[in-house]
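Colleague:
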Amino acid sequence: MEIHVTYNVTLICLSILIACAAAYISLELSRKVTIHTGLKSKIWLIGGSLIMGFGIWSMHFVGMMAVDIDMPIQYEFMPLIASIGAAVSGSFVSLYFVSRHILTYYRLLTGSVVLGASIASMHYIGMSAISRVMITYEPLLFTASILIAIAASFVSLKIFFDLAMKKHSDHLMIYKVISSIVMGIGISGMQYTGMLAATFRLDMAPPKSHMEIHTFHWSIFVALIIFCIQTLLLFSSHADRKFIKQSERIKDNEQRFESLIVHNIDAIFILSLEGEIISSNHAGEDMIRKFGFNMRNWKYYTSEKFKQLFEQVKLDKQAINSDSELITEKGQFHLNITLIPVEVHQELDSIYVICKDMTKQYRAEKEIHRMAHYDSLTDLPNRRHAISHLTEVLNREHTLDYNTVVFFLDLNRFKVINDALGHNVGDQLLQMTAKRLLSVVPDNGFIARLGGR
2 MEIHVTYNVT
12 LICLSILIAC
22 AAAYISLELS
32 RKVTIHTGLK
42 SKIWLIGGSL
52 IMGFGIWSMH
62 FVGMMAVDID
72 MPIQYEFMPL
82 IASIGAAVSG
92 SFVSLYFVSR
102 HILTYYRLLT
112 GSVVLGASIA
122 SMHYIGMSAI
132 SRVMITYEPL
142 LFTASILIAI
152 AASFVSLKIF
162 FDLAMKKHSD
172 HLMIYKVISS
182 IVMGIGISGM
192 QYTGMLAATF
202 RLDMAPPKSH
212 MEIHTFHWSI
222 FVALIIFCIQ
232 TLLLFSSHAD
242 RKFIKQSERI
252 KDNEQRFESL
262 IVHNIDAIFI
272 LSLEGEIISS
282 NHAGEDMIRK
292 FGFNMRNWKY
302 YTSEKFKQLF
312 EQVKLDKQAI
322 NSDSELITEK
332 GQFHLNITLI
342 PVEVHQELDS
352 IYVICKDMTK
362 QYRAEKEIHR
372 MAHYDSLTDL
382 PNRRHAISHL
392 TEVLNREHTL
402 DYNTVVFFLD
412 LNRFKVINDA
422 LGHNVGDQLL
432 QMTAKRLLSV
442 VPDNGFIARL
452 GGR
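The opening position of the sequence shown corresponds to residue 2 in this note's numbering, with each subsequent residue numbered one higher.
Quick look at the structure:
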């Protein structure tokens, strides 16, 4: 006897809503499987397959509950469990194909057929679980439902893969919501096309084992359970995404900081609180080779001033900039150093030392000073230096009780020597005169050449 079938519109709408939610969860899971690697990827693949499979199955289950055949619906246990297995296996296939990172046309077509067959199997195995009812199917609609399942799977896999490769953004969120609605309607379309293909007849043979289902209450219960699971997964996915973003931001900052140190043209050393070199950048390694020391014995070459500055930074926890000297077997080097304390959890962890080799600049400045204040021939202070020194001495004379004697010496007939013997002999005479005068001037005396070049 054929059974008259009616449908509960509320439960139909609920099943479509569940299908859309399951599709959205599936999109989230596809991203998780793709961005993670190793054990995490496998955990998301297995766990995601279960959650995604139960989401799709719950849509199917609520859709079946929407069928009203004017009698209590009873289900055989094993086919019902088998339908869940089909949904989970189909979900596993879809997530597995997405996790391969390269989705060829052959893989897409194969995955679509397998996933579509799994969804169709879930539906028709679930339908066969209904006890005390014989179900026959209209061939055309039956075939159409399978084709719809394969087509929906094709679109779903393509969307899964495309969205999994994109970075998260507001536009991506809108795309995911629209895609979820399209996928949910597609999956539900297969479900209800298969339902339309079915004809129910009463079967008087007693079932081997069954459980009676109260349609509306069980539908609401299943929907609530799946909704809670999916909500928890969404929160977990959101928290995981924020954690990944934060980790990537920290990693980016670390790489920027590391690049800033590694590629800096100044030598940078990281010192322990005991003054040992922990590491250095490339410029620091070049400086070590240039100055002729290594990371282990460098403390033996540092000046007392540097040691005092180092201890001061440890005590005050404030950065200091100063000039210092370094004397090694290769010579004396002049450095400009900046000591920067590094704190971790409000505790002093290490000290960064930025070194600039100022040796060439120091020597150049010293040479410029000599050229400006000393005679190039006799190496005596010139007129500018003499006037400056005399002014300073006379100013001190007002506060100190001593007298200052100024003595001017002129070399008579010096022009005759230049004209008769040449400028070279004249230069030698000036140099010899300067040396003799220096030898008789006391330590507190001062001698300068006021004329000449």
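All C-beta atoms in this analysis are idealised placements derived from N, C-alpha and C, irrespective of residue type, glycine included.
#1: Relative to the C-alpha of Ala121, which residue among His374, Gly452, Ser84 is closest?
#2: Figure out for me which residue from Ser42, Asn396, Met372 has the closest Cα to the Cα of Arg385.
#3: Are the beta-carbon atoms of Ile74 and Ile4 separated by less than 7 Å?
#4: By DSSP, does Met1 sit in helix, in strand, or in coil?
#5: Can you name, in chain order, every residue of its own chain whose Cβ lies under 7 Å from the Cβ of Ala145, other than the five neighbours on each side?
#6: Taking C-alpha atoms, which residue in Met60, Leu116, Phe98, Gln247 lies nearest to Ile13?
#7: Would you call Gly293 buried or exposed, if buried means 16 or more other Cβ atoms sit within 10 Å of its Cβ?
#8: Taking the straight line between their C-alpha atoms, what separation do you get for Gly190 and Phe201?
#9: Judging by CA-CA distance, which residue of Leu412, Ala387, Phe311, Tyr25 is the nearest neighbour of Glu275?
#10: Locate the beta strand (DSSP E) running through Ser325, then write down its first and last residues.
#11: Please state the DSSP three-state secondary structure of Arg454.
#12: Assuming Gly187 contacts Ala153 (C-beta within less than 8 Å), just tell me the rounded distance between them.
#13: Grab me the residues of Val1's own chain with a C-beta within less than 8 Å of its C-beta, minus the 5 sequence neighbours each way, in chain order.
#14: Expressed to the nearest angstrom, what Euclidean distance is found between the alpha-carbon atoms of Glu77 and Asn254?
#15: Among Leu173, Leu148, Ile149, which one has its Cα closest to the Cα of Ile160?
#16: Going by C-alpha to C-alpha distance, which of Leu51, Leu96, Glu249 sits closest to Gly86?
#17: Give the straight-line distance between the Cα atoms of Gln309 and Asn337, rounded to the nearest whole angstrom.
#18: Do the region 350-363 and the region 412-423 meet, that is, are 3 or more Cβ pairs less than 8 Å apart?
#19: Should Leu18 and Val63 be called a contact, given that it needs their Cβ atoms to be closer than 7 Å?
#20: My guess is that Leu96 and Leu30 are in contact by the Cβ rule of under 8 Å, so how many angstroms apart are they, rounded?
#21: Where does His5 sit, in a helix, a strand or coil, going by DSSP?
Modeller: Based on what the coordinates show:
#1: Ser84
#2: Met372
#3: no
#4: Residue 1 is absent from the model: the chain starts at 2 and stops at 454.
#5: Thr194
#6: Met60
#7: exposed
#8: 20 Å
#9: Phe311
#10: 321-329
#11: At Arg454 the pLDDT is 48, less than 50, meaning the model places this residue with poor confidence and gives no usable figure here.
#12: 3 Å
#13: Given that the chain is displayed from residue 2 to residue 454, the structure contains no residue 1 and the question cannot be resolved.
#14: 59 Å
#15: Leu173
#16: Leu51
#17: 15 Å
#18: no
#19: no
#20: 6 Å
#21: coil
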